[in-house]
Amino acid sequence: MTKRPNTLDRYALDIASGELIWIGVRPKRREPLQSVSATKAVATLGLEGDHRMGKTPGSGRQVSIISEEFIAQAAHFLGRDAIDPGLLRRNLVVKGVNLNALRRQRFRIGSAVFEATQLCHPCARMEENLGKGGVAAMLGHGGLCAKIIESGDIAIGDKISVLPAVDE
123 MTKRPNTLDR
133 YALDIASGEL
143 IWIGVRPKRR
153 EPLQSVSATK
163 AVATLGLEGD
173 HRMGKTPGSG
183 RQVSIISEEF
193 IAQAAHFLGR
203 DAIDPGLLRR
213 NLVVKGVNLN
223 ALRRQRFRIG
233 SAVFEATQLC
243 HPCARMEENL
253 GKGGVAAMLG
263 HGGLCAKIIE
273 SGDIAIGDKI
283 SVLPAVDE
């Protein structure tokens, strides 16, 4: 079976590479994210140390990713200088890559391969974590969800590179 056509496929290799700048895992549901410098991404399961790992094998929501640029926009909309990434409930923060262009693309971070599956819309917890206007500030800037295609180690400072489209 061939992968569903995506108009971005023909431009995917032109997407600028980025860098992983923050990793967060949550050992238990509703607990604050814990910042770590490295972890293992396990194919079809999730990130080691994160409570979601293995709960829904094969899910397209194994990992959530947001960009530093999206965080800066949300902070601006809220009248803040910055937002602690842990408040946003996303596992990975990247910079320098057009995150929306990665949608439905495969990409490498460290030695792991991911596939962005869908937009990661803000949930009502953004009002709790960021205060009034938190959800509105994050609309269109919530990042992406991804599944892990190949296991590997990821660490802060790893480069993000888009991979060529593949037939499945």
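So the mapping is simple: the working numbering equals the position in the sequence shown, first residue as 1, plus 122. For each residue, glycine too, the CB sits at the ideal point set by N, CA and C.
Item	Value
Rounded straight-line distance, which links the Cα of S273 to that of R212	19 Å
Nearest neighbour of S186, chosen from V235, G171, Q195, G146 [CA to CA]	G146
Whole-angstrom distance between R148 and G176, CA atom to CA atom	13 Å
Segment limits, alpha helix (DSSP H) that includes L285	Looking at the DSSP string, L285 is not in any alpha helix (DSSP H), and its letter there is neither H nor E.
Under the three-state DSSP convention, the category Q240 falls into	strand
8 Å contact criterion, which C242 and G264 should meet: CB distance rounded	5 Å
Buried versus exposed, by CB contacts within 10 Å (16 or more), H161	According to the sequence as given, residue 161 is Thr; it is not His. Classification of T161: buried, given that the 10 Å Cβ count is 16 or more.
For R247, the first and last residue of its enclosing alpha helix (DSSP H)	247-252
Proximity to T166 [Cα-Cα], best of K281, F236, M248, E249	F236
Cβ pair R228, L285 closer than 8 Å	yes
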